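Asks: Just so you know, full-length UniProt numbering puts 78 at position 78 of the sequence shown, and the rest follows in order with no gaps.
Each residue gets a CB set at the ideal place from its N, CA and C atoms; glycine is no exception.
Please read all numbers here as calculations on a predicted model, not as lab measurements.
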Amino acid sequence: MNCKPPCMAVVIKSDFPELIGLPVDVPGESVDHPVLGFCWVVRLQRPMLCWDFLRQCNTYDDVLAVPDYCLRPITGLPLHDDQLDEVKT
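#1: Considering only residues of the same chain and omitting the five flanking positions on each side of Thr-59, which have a CB-CB separation below 7 angstroms?
#2: Met-8 and Pro-23 - do their beta-carbons sit closer together than 7 angstroms?
#3: DSSP puts Ser-30 in a beta bridge; with which residues?
#4: Find the nearest neighbour of Ala-65 within the set Gly-21, Val-41, Asp-15, judged by alpha-carbon distance.
#5: Just to confirm the assignment, what range does the beta strand (DSSP E) spanning Asn-2 have?
#6: Take the Cβ of Cys-57 as the centre, count every other Cβ of all protein chains shown within 10 Å, and call the residue buried at 16 or more, exposed below.
#7: Could you check the C-alpha separation between Gly-76 and Leu-19 for me, to the nearest Å?
#8: What do you reckon, are the CB atoms on Arg-43 and Asp-15 nearer than 7 angstroms?
Shown next, in the form of structure tokens:
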């Protein structure tokens with residue numbers, strides 16, 4: 001699993017391009033979707049266009065079920081490429 005709630009995460013894969021790169025709150029609720037597999041229920045900062053599986057249509061909502069493989073946690077630790085080399089004096 002990518003996320004260990006409660007945490008913040010970034011959406012890295014979506015059928016809706018406006019969701020990619022968006023930070024989301026992962027409070028800890030989860031669902032097991034028959035097609036997508038294990039999903040986290042995430043909260044957005046504002047309603048965004050998404051797919052409603054129950055009504056089978058596009059809708060605007062601020063709570064979504066996002067598969068774990070589509071999320072990357074925001075840890076606050078720098079990535080290897082982002083680390084600065086030590087300055088030698």
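Replies: Taking the geometry as given:
#1: Around Thr-59: Cys-50, Asp-52.
#2: Taking C-beta atoms as the reference points, Pro-23 and Met-8 count as a pair closer than 7 angstroms.
#3: Per DSSP, the beta-bridge partners of Ser-30 are Trp-40.
#4: Comparing C-alpha distances from Ala-65 to each of Gly-21, Val-41, Asp-15 shows the shortest one belongs to Val-41.
#5: Looking at the DSSP string, Asn-2 is not in any beta strand (DSSP E), and its letter there is neither H nor E.
#6: Burial call: exposed.
#7: Distance between the alpha carbons of Gly-76 and Leu-19 is about 21 angstroms.
#8: Not in contact: Arg-43 and Asp-15 (Cβ atoms no closer than 7 angstroms).
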